[in-house]
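Residue numbers (my numbering): 1 to 406. Below is one structure, written out as structure tokens, with a few remarks after it.
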Amino acid sequence: MIPLEEARRRVFGDIEALPIVEVPLAEARGLVLAETVAAAEAIPPFANTAMDGFAIRSADLDGASESTPVALPVVATVAAGAVAPRRLGAGEAMRIMTGAPIPDGADAVVMVELTETAEVDGAETVHVKAEVPEGNHIRPAGDDVVEGTPIFGPGTPLTPATLGVLASLGRESVQVHRRPRIGVISTGDELVVGPRALKPGQIRDSNRPSLLALLEEMGAEAIDLGLKRDDERVIETSLRAAAERCDAIITSGGVSMGDFDFVKAVLSRLGEMNWMQVAIKPAKPLAFGLMLGTPVFGLPGNPVSSLVSFELFARPSIRRMMGHPETERRHVVALADEPLRRSADGKVHFQRVRVWPDADGAWRVASAGGQGSHQLTAMANANGLAVLPDGDGVDTGARVRVLLLS
Ligand code: AMP
Ligand code: MG
């Protein structure tokens with residue numbers, strides 16, 4: 001067996017960021033910026049009002065109060081998207097809507113709630129019932145982004161809000177690392193898909209849907225390469241085709257010591273593979289290498305093993321391909337809410353657990369269910385993997401490192 005960190009070094013050493021391409025903003029979600037974006041414009045581009053109300057001169061409201069309102073003629077209305085027809089004069093008010101530009105001559109906005117309007121001699125007059133300071137409710141130009149300043153650099157993940165800022169700057173496309181195309185193949189004669197009754201010996205393919213979903217969720221393009229029989233020719237044909245169209249391939253099953261582990265046979269022939277026995281549980285066997293230049297992750301078949309293996313090896317690799325500077329999930333240190341038992345076997349165990357903050361904000365951790373590598377429901381109920389070093393586990397109250405799964 002080799003230590004986890006040694007196995008991870010072997011895998012990550014063969015992984016590079018994908019080429020930089022220009023993509024439309026609408027296709028960039030979840031990708032990582034590969035350029036420095038400087039603000040070509042200020043945001044907001046002009047001083048505008050944060051409130052519906054009246055643009056005024058603050059000095060004109062001196063002494064205004066509930067009992068002694070100041071009356072000002074309303075000389076114009078400025079809607080969002082419009083501009084004032086003229087300069088605001090002393091002793092005047094203009095009705096103004098949120099987002100509309102502040103008229104020249106005005107230095108503050110009084111919100112509509114502090115006013116009452118009335119017709120006086122056929123002209124509209126506003127009665128303002130409070131003083132307001134200069135600049136009141138005015139959002140100055142460049143208050144969010146100053147024109148000319150760099151705002152995002154290479155490595156910035158394109159989150160919804162980041163895409164919003166880019167859109168406010170008028171950007172239609174951005175330079176990013178290409179979205180990785182990751183193919184997923186299930187192998188096994190025992191596997192079937194769908195609701196039809198199982199024949200003796202059959203189970204349903206659960207790895208492929210889980211792995212495809214994990215890939216989609218992390219912003220990769222997940223390519224379903226289907227379920228393959230344990231047949232050397234079938235597996236070779238699909239792996240060759242996959243190497244052509246994918247940036248990486250994930251297989252599950254067929255890499256252990258069984259008589260029908262043909263993924264192992266094919267990859268040994270076509271690829272420069274590393275067959276590893278990693279000192280972890282679950283997910284001890286791992287095949288990784290380059291097949292016809294394409295990285296291949298040969299994950300174990302047991303459902304929990306394949307997902308844990310994905311977390312420890314495939315996810316950080318794919319994040320590296322995407323150009324993420326931070327490739328790892330977060331860890332927290334949590335207090336065991338119950339004993340977390342294991343047996344000594346020379347491996348680090350990754351137990352499926354639930355972590356939550358207690359009333360004092362301290363993390364707590366408890367088992368998420370059965371810990372067999374076939375017991376996928378505990379993985380489904382887990383939001384973390386407790387990292388238990390070799391030994392017999394921990395007692396209630398012990399400090400445990402937990403890898404967060406979300
Ligand atoms: P293998 O690595 O092919 O020897 O498979 C190990 C175990 O995982 C066996 O019990 C398989 O039936 C099971 N298994 C393999 N692939 C899948 C899959 N795609 N979905 C669910 N179970 C699987
Ligand atoms: Mg198999």
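No residue lacks a Cβ here, since even glycine has one placed at the ideal position from N, Cα and C. Here the structure is a predicted model, which means the values were calculated and not measured.
Note the first and the last residue of the continuous alpha helix (DSSP H) segment covering I43.
-> Segment: none, I43 is in no alpha helix (DSSP H) and carries neither H nor E.
Would you list, in sequence order, the uninterrupted alpha helix (DSSP H) runs of no fewer than 4 residues that lie entirely inside the segment 233 to 281?
-> 262 to 270
Nearest-angstrom Cα separation, counted from R269 out to G253 = 17 Å
My understanding is that N207 touches S186, with C-beta atoms under 8 Å, so please give their C-beta distance in whole angstroms.
-> 5 Å
Look at the Cβ atom of I249, then the Cβ atom of G183, and state whether they are nearer than 7 Å.
-> yes
Those runs of the beta strand (DSSP E) which lie wholly inside the segment 34 to 112 and span at least 3 residues = 53 to 56, 70 to 78, 93 to 96, 108 to 111
Range covered by the alpha helix (DSSP H) that runs through I318 = 315 to 322
Sorry if obvious, but does the Cβ on G298 come closer than 6 Å to a heavy atom of the ligand MG?
-> no
Does the Cβ-Cβ distance between A398 and V353 come in under 7 Å?
-> no
Determine the direct distance from the alpha carbon of G105 to that of R87, and round the result to whole angstroms.
-> 6 Å
Nearest-angstrom Cα separation, counted from L212 out to P160 | 22 Å
Which runs of the alpha helix (DSSP H), 4 residues or longer, sit entirely within the segment 126 to 189?
-> 160 to 168
Quick one: is the Cβ of E190 within less than 6 Å of any heavy atom of the ligand AMP?
-> yes
Top-ranked residue by Cα proximity to L405, from G258, V174, L307, D392 | L307
How long is the line joining the alpha carbons of S305 and A39, rounded to whole angstroms?
-> 46 Å
Terminal residues of the beta strand (DSSP E) in which E116 lies = 115 to 120
Which stretch, first to last residue, makes up the alpha helix (DSSP H) that contains F12?
-> 4 to 12
For the candidate residues W275, T251, A241, G271, whose alpha-carbon lies nearest to that of M257?
-> W275
Got a sec: does the ligand AMP put a non-hydrogen atom nearer than 6 Å to the Cβ of G254?
-> yes
Span of the alpha helix (DSSP H) holding T377?
-> 376 to 381
Return the chain-ordered list of same chain residues with a C-beta closer than 6 Å to the C-beta of E66, the five sequence neighbours on each side being excluded.
-> K129
Which one of L312, G91, P103, V112 has the shortest CA to CA distance from M51?
-> V112
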